[in-house]
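Protein chains in written order, with this note's numbering: chain A, 1 to 262; chain B, 1 to 262; chain C, 1 to 262; chain D, 1 to 262. Here is the structure we will look at, set down as structure tokens.
4 protein chains.
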Amino acid sequence: MDKAVGFYRDVLGLVETGRDDQGRVFLKCWDERDHNSIILREADTAGLDFMGFKVRDEATLDAFEDKLAAAGLNPETIPAGDLMETGRRVRFRLPSGHLIELYATKTSVGNGMTMTNPPPWNAQSENGIAPTRFDHALLYGPNVAEVERIFVDILGFYLVERVLGPGNETSVAIWLSCGQKVHDIAFVEHAEPGKLHHCSFLLESWEKVMRAGDIMSMNDVPVDIGPTRHGVTRGGTIYAWDPSGNRFETFQGGYYPYPDVT
Amino acid sequence: MDKAVGFYRDVLGLVETGRDDQGRVFLKCWDERDHNSIILREADTAGLDFMGFKVRDEATLDAFEDKLAAAGLNPETIPAGDLMETGRRVRFRLPSGHLIELYATKTSVGNGMTMTNPPPWNAQSENGIAPTRFDHALLYGPNVAEVERIFVDILGFYLVERVLGPGNETSVAIWLSCGQKVHDIAFVEHAEPGKLHHCSFLLESWEKVMRAGDIMSMNDVPVDIGPTRHGVTRGGTIYAWDPSGNRFETFQGGYYPYPDVT
Amino acid sequence: MDKAVGFYRDVLGLVETGRDDQGRVFLKCWDERDHNSIILREADTAGLDFMGFKVRDEATLDAFEDKLAAAGLNPETIPAGDLMETGRRVRFRLPSGHLIELYATKTSVGNGMTMTNPPPWNAQSENGIAPTRFDHALLYGPNVAEVERIFVDILGFYLVERVLGPGNETSVAIWLSCGQKVHDIAFVEHAEPGKLHHCSFLLESWEKVMRAGDIMSMNDVPVDIGPTRHGVTRGGTIYAWDPSGNRFETFQGGYYPYPDVT
Amino acid sequence: MDKAVGFYRDVLGLVETGRDDQGRVFLKCWDERDHNSIILREADTAGLDFMGFKVRDEATLDAFEDKLAAAGLNPETIPAGDLMETGRRVRFRLPSGHLIELYATKTSVGNGMTMTNPPPWNAQSENGIAPTRFDHALLYGPNVAEVERIFVDILGFYLVERVLGPGNETSVAIWLSCGQKVHDIAFVEHAEPGKLHHCSFLLESWEKVMRAGDIMSMNDVPVDIGPTRHGVTRGGTIYAWDPSGNRFETFQGGYYPYPDVT
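The following block contains the structure:
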């Protein structure tokens, strides 16, 4: 756990915002305002417990809970306070095996800069790789077609790009957005359920991607691939491994997607 | 008009997509897919006739029309076909004096690249300054507080940044987003109604901003200010003038805004 | 040959400046002023015939010829006119098996821009990968220690970096500069004489390296390695293969070396 | 003096390497290896006492001293040890009123990184603006034509670029290099002798120039001009003012010059 925290705080350069009595460590990226976006817990194996999305407000959370129940997805509620500075969470399992959570409330702790006349960045912005935000995750599991329908029909995401399988009849990989980030979550069809391919962190420029690679090299972080450009999304990227064996991505770029592209 | 078209097509590097029988010239940025985002018409003075926003679909357009009417904003309908490849438009005048239009339908002509296995860019991407998209406009006029309420309460935008006036009691400038672009439209309080400060075009990097400045210099485009970084939005920018005396911006960067930041 | 010329002219983006009656094709990079820096000839195998360095003037060439002769390197003279727009060349073979040439005279054809009030770049600068200059070559062969002595003692180069072999007693690779470019030529100890590892072309920025990679990808150029950063010289680089099977490099960066660093 | 040292060390981001008993403060850029490249002393007015160039060795220094004497430039010797970690200096006054010094010996203190398997940069590289090296100075004074002859005929520099005066008969500004940096010193014709226009510090990229501008803005450093691109040398630049009123430059880029360009 110490090695993991050291990596996320000093090499990846997230800001540690708290630890709870279960020993979980809460972190955020320097330009994020909510209390936490990455939570580490000690475990026997690498992987992702769940991925959460913030919704507009508690009424929206209620509405999503109802829609998930109506779709037979059996949402569970986890009461406020289970995670530090985080309100009630609605959790459900995707047919790919992954747990997804929605929540409306997380305490804003700011980005370390004044709200009035803020500078463009501060010293935190150069502490380690220092991504501006947790951006998306790519998950592996079965039933990607059903997952797509849940994200599109129930959660209001839209399909940005996809990889077609043999015969071009089914999507073997999908990239989904709920706004104008080129992806908020992505899935690859895979027999084993609930797998994490990578968690992804956003950088401001291709030069910052090189800087990330330098920092990986200087800290003996094993690189999976990159720097290179993605065919999907056009992003400039490096994939590498955290000390626990979770793949992570530091990337920049990509276009603004719109739901009306056909 | 020839000089203006030459500038927008060869120096700014937009793609000309058509001309109508009124002599209007329709252009788009290379990475935009809809038929047009900038329309030039011959006029005695510089300025902006209207700014349009695309909405999700025709039902959404109807709903906005009703809400605008209910708010006493007297929306007018302009039938499909008045602008090339563009559906029905709903137009209303802001208390700042500007005409805003909504529409749901514009023909997609693509971005010049295949939808299957597209390259990251093509030759159009290096024709002149070659912004990826028309991004936003900054407008000057009176009654900015009322304008903000219309955009927030009726059109679903949210306030991203603002400049406060003396005593910090009113906003003298506001930046509004309807998604996750750091701004889609902005207003500055100003006695004279209906004024255009600038139309803004998005570039991919700070290096592209230097390239834009080089192209301006090589084409005797008068620069207003920049390259520099904005205090608001953190963008890297140049303001310059088109041959008609309209200020335009070529910029990059800025953060992803969220409506829940407080 | 057609494929090779097409690659060097349209993909790598050199400027073709002439062809001679032997069918050799002469090219230069857009920002080079001399008539040619790369010469292609048809051959059964890939490889490098010779590498040439320009010296200050004909008197300097004479002096080098004398020094080479005195060192037993048996320099040969090739008369002016054998290569297009090129004066007398003095040629000798290194103990690594490579032919090196010196010359003092090559016609300046300029860089396509006016000498008075030149712009920073022009359309040639964006034709293909468009390196600014041929920068260096890395050669493989035996007797690197002797090669180093010839370059340092006779030709006035200095050692910038080296890779030490087992026991740190000998250099198994050396990077040599004759000015303030971080390398002008480099050698790796290798049993087989006269081998070319790569010819290298200079780009202005890390963003241009990505652009080079994009162009390679869009033109099915096989990439060897990169984008990445070199441990030696700090350069940002891609190695790839020309259609004949010669490795080439497109890179940027590196520090200014000085001969007095110890 | 405290304010000046604070600026050069914490804002410009040089490394303080020593202070002598006269209260002079010695600094170097992070990637320079010699003990000092900038020396601050308390004074009633802003300006430059002298600018020094390192020569190859003591024999070379002797030879230059003889040539300067032969040219009637009355070189003086300042004994080793007057400046910290610096050998004997040969000083002469240019007809522009500026003092130029040559020296062969200055202690290498390294760049803060190991000589074996060095990383590409370290924490010093991001301390403030953190230029890699002191690059050049631009000086104002009379008799630029004579100054050019001294630098070219005696010191072995060559003219890289120049600004011609009315009628194109004389150079009113000259840029001189003694290697392959696009300039090592520059002069502008000006009636008042001995004036400093600016001292210039090298950055690795245009993005680093923006970062320099950000740091200037966050530290209330008054900017003179920029970011912009120079017409001469193609560099990307900002001019600003140190707390004493000396103009300085942070810049990147520019081409590799060669003495044979005509």
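Glycine included, C-beta positions come from ideal geometry on N, C-alpha and C.
Check                                                                                                                                                              : Outcome
Return the Cβ separation of C:GLY213 and C:GLY235 in integer angstroms, given the expectation that the two are a contact with Cβ distance under 8 Å.               : The pair is not a contact, with the Cβ atoms about 14 Å apart (cut-off 8 Å).
Could you list the residues in the segment 106-127 of chain C with a C-beta less than 9 Å from some C-beta on chain G, going in chain order?                       : You won't find chain G in this structure, because its protein chains are A, B, C and D.
For the alpha helix (DSSP H) holding A:TRP241, just list the boundary residues, first then last.                                                                   : Segment 236-241 is the beta strand (DSSP E) holding A:TRP241; no alpha helix (DSSP H) there.
Would you please state the rounded distance, in angstroms, between the beta carbons of A:ARG41 and A:ARG24? I believe it to be under 8 Å.                          : 5 Å
Counting C-beta neighbours from all protein chains within 10 Å, is the total for D:GLY81 16 or more, i.e. buried, or is it exposed?                                : exposed
Taking only three categories from DSSP, how would you classify A:PHE201?                                                                                           : strand
Per DSSP, D:LEU282 forms a beta bridge with which residues?                                                                                                        : As displayed, chain D neither begins before 1 nor continues past 262, which places residue 282 of chain D out of reach and without an answer.
How many angstroms separate the CA atom of B:VAL209 from the CA atom of B:THR86?                                                                                   : 31 Å
Say whether chain B places a C-beta atom closer than 8 Å to the C-beta of D:PRO227.                                                                                : yes
Below 8 Å on C-beta distance, what does A:MET218 contact in chain C?                                                                                               : Correct list: empty, because the minimum Cβ distance to chain C is about 11 Å.
Is the shortest distance between the beta-carbon of D:GLU204 and the beta-carbons of chain C less than 8 Å?                                                        : yes
Just the chain C side, please: which residues come within less than 7 Å of D:GLN180 by C-beta, in chain order?                                                     : GLY179, GLN180 and LYS181
Should A:LEU176 go down as buried or exposed, given a rule of 16 or more other Cβ atoms within 10 Å for buried?                                                    : buried
Around the C-beta of A:PRO131, are 16 or more other C-beta atoms found within 10 angstroms, so that it is buried, or is it exposed?                                : buried
What does the alpha-carbon distance come out to for the pair D:ASP153 and C:GLU101?                                                                                : 29 Å
Pull up the distance between the alpha-carbon of C:ALA173 and that of D:VAL182, whole angstroms please.                                                            : 29 Å
Using only alpha-carbon positions, find the residue among C:ARG133, C:LEU83 and C:TYR103 that is nearest to C:ASP21.                                               : C:LEU83
Counting only beta-carbon atoms, is C:MET1 nearer than 8 Å to chain A?                                                                                             : no
Determine the closest residue to C:LEU142 out of C:PRO227, C:VAL15 and C:GLY194, with distance taken between C-alpha atoms.                                        : The residue asked about is misnamed: residue 142 of chain C is Pro in this sequence, not Leu. When each option's Cα is compared against that of C:PRO142, the closest is C:GLY194.
Within 10 angstroms of its Cβ, does B:LYS3 collect 16 or more other Cβ (buried), or is it exposed?                                                                 : exposed
Short check: CB of C:TYR103 to CB of C:ARG88, under 8 Å?                                                                                                           : yes
Give the residues of chain C in contact with D:THR17, contact being defined as C-beta atoms less than 7 Å apart.                                                   : Within 7 Å Cβ-Cβ: nothing; D:THR17 doesn't reach chain C, min ~17 Å.
Answer with buried or exposed for D:ASP34, where buried requires no fewer than 16 other C-beta atoms within 10 angstroms of its C-beta.                            : buried
Thinking just about the alpha-carbon of each residue, which of C:HIS197, C:ASN36, C:SER205 and C:SER244 is nearest to the one in C:ILE225?                         : C:HIS197
Whose C-beta lies closer than 8 Å to the C-beta of B:ASP66 among residues of the same chain, with five residues either side of it excluded?                        : none
Using only the alpha-carbon positions, how far apart do A:VAL188 and B:ALA145 sit?                                                                                 : 47 Å
Quick check: what's the CA-CA separation for D:ASP242 versus D:CYS199?                                                                                             : 10 Å
If you draw a straight line from the C-alpha of A:ILE238 to the C-alpha of B:SER108, how long is it?                                                               : 33 Å
Give a yes or no on whether the minimum CB-CB distance between C:ASP291 and chain A is below 8 Å.                                                                  : Nothing can be reported for residue 291 of chain C: it is not among the residues displayed for chain C, which extend from 1 to 262.
What ranges does the beta strand (DSSP E) occupy inside the segment 36-75 of chain D, keeping only unbroken runs of at least 3 residues that lie completely in it? : 38-40 and 51-54
What did DSSP end up calling A:SER217 once you bin it into helix, strand or coil?                                                                                  : helix
How far does the alpha helix (DSSP H) with C:LYS3 in it reach, from first residue to last?                                                                         : 2-6
Just checking my contact of B:PHE151 with B:PHE201 at CB under 8 Å: how many whole Å lie between their CB atoms?                                                   : The pair is not a contact, with the Cβ atoms about 21 Å apart (cut-off 8 Å).
For chain D, check one thing: does any of its Cβ atoms lie closer than 8 Å to the Cβ of B:MET51?                                                                   : no
How big is the Cα-Cα spacing for A:GLY245 and A:SER125?                                                                                                            : 25 Å
Chain B beta carbons: is any one of them nearer than 8 Å to that of A:ARG89?                                                                                       : no
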